[in-house]
Amino acid sequence: MIAIICMVAPILFSLFGKGRYWCGNYCPRGNFYEHVVSKISPNKKVPKFLKSLGFRIAMILLVFFNFGVGMYQNWGNLSGIGLVFYRIIVITSLVGIVLAFFYRPRTWCQFCPMGTIASYIARVRGRDNELAVTNSCVACGLCEKACPMELSPKEQKGDKVTSTDCILCKKCVYVCPKKSITEK
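Each residue of the sequence shown is one higher than the one before, counting from 591 in my numbering.
Laid out in structure tokens, this is it:
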């Protein structure tokens, strides 16, 4: 049941104008990476190709293809369908954990299929909840260091944070010494 919620919730949140809010505040996997895996992660920059559109689309296709084939093969068999969800959760979680050993704790979140879909829905639909960077920003870079998605709010000085990959975790808000980042 949790797997179904985690597949549907990011899309619903985005459809209702909340962008990737689910990802930064409720996703069990993201929270696991953030609070457990972060203790062993070197916190190195994620390679650009892992964040690229092509890689993200390839991940969506790979995961959904495997999900579709598994569902087709197990249609009518509830334990088989449960095993499909279980395998996807275990394999993708292990991929995320392994990548966190080399890069940042939320490396998986950079190309998570559900997060990617939520991000693109937010681009089309827009978001009702956004962060804004006031002109009092001194571009110290603390926000960029704190951001688990490697975004740079300081570059949006005097405007709102426009990246739909923002998971609205507000880590940038909490570390800003000038309180220049606010929620709109």
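Every residue gets a Cβ at the ideal spot worked out from N, C-alpha and C, and that includes glycine.
Are three or more beta carbon pairs between the segment 718-726 and the segment 617-632 nearer than 8 Å?
Output reads no: the segment 617-632 does not touch the segment 718-726.
Secondary structure at A722, three-state DSSP: helix, strand or coil?
Here A722 sits in strand by DSSP.
Which residues share a DSSP beta bridge with I650?
DSSP lists no partner for I650.
Buried or exposed, going by whether 16 or more other CB atoms sit within 10 Å of the CB of Q700?
Q700 is buried by the Cβ-count criterion.
Roughly how many angstroms separate the alpha carbons of F655 and S628, rounded to a whole number?
Each residue's alpha carbon lies about 30 Å from the other.
Proximal residues to G670 (C-beta, below 6 Å), its chain only, five neighbours per side dropped
Closer than 6 Å at the Cβ level, and outside the excluded window around G670, lie N664.
If we ignore side chains and look at the alpha-carbon of each, how far apart do I713 and L651 end up?
The displayed chain sequence assigns Arg, not Ile, to residue 713. Just so you know, the alpha carbons of R713 and L651 end up roughly 20 Å apart.
Closest to K635 by CA distance: which of L689, C613 and L758 is it?
The shortest C-alpha separation from K635 is found at L689.
Report the rounded CA-to-CA distance for K769 versus C759, giving the unit in angstroms.
Rounded to the nearest angstrom, the two C-alpha atoms are 15 Å apart.
Test item: CB-CB of L741 and D755 under 8 Å
Yes; because the gap between Cβ atoms is below 8 Å, this pair is in contact.
Are the C-beta atoms of P695 and some chain D residue less than 8 Å apart?
The structure shown contains no chain D, having only a single protein chain.
Who pairs with T752 in a beta bridge, going by DSSP?
Answer by DSSP bridge pairing: none, since T752 is not bridged.
My parser needs the beta strand (DSSP E) runs of 3 or more residues fully inside the segment 612-664; what are they?
If only complete runs of 3 or more residues are kept, the segment 612-664 shows no beta strand (DSSP E) anywhere.
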